[in-house]
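Enquirer: Before I ask anything, let me first share the structure, which is written out below as structure tokens.
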Amino acid sequence: MTRGLAGALALAAVATPLGAQVGYEPPESPFRDLEYRQELSLLGGYFSPATDVAGVAPQGGPALGLRYELRIGGPAQLMVRAMRVASERRLVDASAPEPGTATTRTQSLYLADLGISLNLTGQKSWHGLVPVVNGGIGLASDFEGDADPQTDTTATGYKFGTPFAFSVGGGVRWVPGGRFQLRADVADYLYQIKYPTSFFTAPPGGTPLLGPRVKQNQWKNNLAFTLGASVLLFR
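Residue numbers (mature numbering (1 follows the signal peptide of the UniProt record, and there is no 0)): -20 to -1, 1 to 215.
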């Protein structure tokens, strides 16, 4: 009996400090519950697209947009995002004997996607920080119609159009408490660039804009770097 009691006391003495190391007292814990279920963020940053061989796709530029998230269960949020990029386009006439000659003009690019965002710390912040990853599907568009001499980037039928865009990305939210937060994100928009047949046809007395080894349809990774300020809504 005495030995059993002594053994129990000794075990308790060892277990007490070990238990204290496993977790934190609530006031000392670096984790805090995320109280709000929705957020609306104003985004600003820069869009940096991949370079296409012909150089006629939308170029990089400042980006401005909105992002909305709604908690749907566990660490997951439904994400809706839209951005406008102040871009430029190269004007190339592939029918000219020297097709490399080009000028540029201003052309806005619009990006929109719908997806799922996951908090890597669950519905808690760690020292006020919440690392996130996300993925989705959407569209990229310059909202131009069929190619014509007034709206085309070339005189030979090229247009950017409205391709599907797959998006993946990640970032970090800073949630200091209350109804306000800041966030920083990077997103990769994967969409396809399609060149017209005329880009591969030699003009009279010249050479084609693109060689035979260049693929007519190309998938490109295009990065967007953004900072955002958010209003948190509805507990």
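All residues carry an ideal CB built from backbone N, CA and C; glycine is no exception.
Using a Cβ-Cβ cut-off of 6 Å (strictly less than) and excluding sequence neighbours within five positions of VAL148, which residues of its own chain qualify?
Expert: GLY115, ASP168.
Enquirer: If you measure between the beta carbons of PRO183 and ALA76, is that distance less than 8 Å?
Expert: Yes; because the gap between Cβ atoms is below 8 Å, this pair is in contact.
Enquirer: Indicate the three-state DSSP secondary structure (helix, strand or coil) for SER147 in the structure shown.
Expert: In this structure, SER147 counts as strand in the three-state DSSP scheme.
Enquirer: For a quick check, are the C-beta atoms of MET59 and LEU23 less than 8 Å apart?
Expert: Not a contact, by the Cβ cut-off of 8 Å.
Enquirer: Could you tell me which residues DSSP pairs with GLN172 in its beta bridges?
Expert: Note: GLN172 sits in a beta bridge opposite TRP199.
Enquirer: So PHE179 and LEU189 are in contact, right, with Cβ under 8 Å, and what is the actual spacing, rounded?
Expert: Right, the Cβ-Cβ distance comes to about 5 Å (below 8 Å), so this counts as a contact.
Enquirer: Using only alpha-carbon positions, find the residue among LYS200, GLY53, PRO143, ALA209 that is nearest to ARG159.
Expert: ARG159 has its Cα closest to that of ALA209, out of LYS200, GLY53, PRO143, ALA209.
Enquirer: Is the Cβ-Cβ distance between LEU91 and ALA34 less than 8 Å?
Expert: No, these two residues do not count as a Cβ contact at 8 Å.
Enquirer: Would you tell me roughly how many angstroms separate the C-alpha atoms of PRO42 and PRO7, rounded to the nearest one?
Expert: Each residue's Cα considered, the two are about 42 Å apart.
Enquirer: Excluding sequence positions up to five away, which residues of its chain have a Cβ less than 7 Å from the Cβ of GLN1?
Expert: Low local confidence applies: a pLDDT of 39 at GLN1 is under 50, so the model's placement there is unreliable, with the coordinate-based value given in what follows. So no residue of the chain qualifies.
Enquirer: Have a look at GLY141 and GLU124 and give me their C-alpha separation to the nearest angstrom.
Expert: When rounded, the distance between both Cα atoms is 7 Å.
Enquirer: Just to confirm the assignment, what range does the beta strand (DSSP E) spanning LYS139 have?
Expert: Counting along the chain, LYS139 falls outside any beta strand (DSSP E), and DSSP gives it neither H nor E.
Enquirer: Roughly how many angstroms lie between the CA atoms of ARG70 and ALA82, to the nearest whole one?
Expert: Near 6 Å, if we compare the C-alpha coordinates of ALA82 and ARG70.
Enquirer: Taking just the CA atoms, how far does ASP122 sit from GLU68?
Expert: Those two C-alpha atoms are separated by around 11 Å.
Enquirer: Buried or exposed for ASP13, please, with buried defined as at least 16 other CB atoms from any protein chain shown within 10 angstroms of its CB.
Expert: Its Cβ having fewer than 16 others within 10 Å, ASP13 is exposed.
Enquirer: Quick check: the Cα distance between ALA74 and VAL194, rounded to an integer number of angstroms?
Expert: Approximately 15 Å between the Cα atoms of the pair.
Enquirer: Starting from PRO111, trace the beta strand (DSSP E) in both directions and tell me its first and last residue.
Expert: Here the beta strand (DSSP E) through PRO111 covers 109 to 121.
Enquirer: What residues in its chain sit with their C-beta under 8 Å from that of ASP32, if we drop five residues either side in the sequence?
Expert: Counting only Cβ-Cβ distances below 8 Å, and skipping sequence neighbours, we find ILE173, GLN198, LYS200.
Enquirer: Under three-state DSSP, which class holds GLU124?
Expert: GLU124 falls in the coil class under three-state DSSP.
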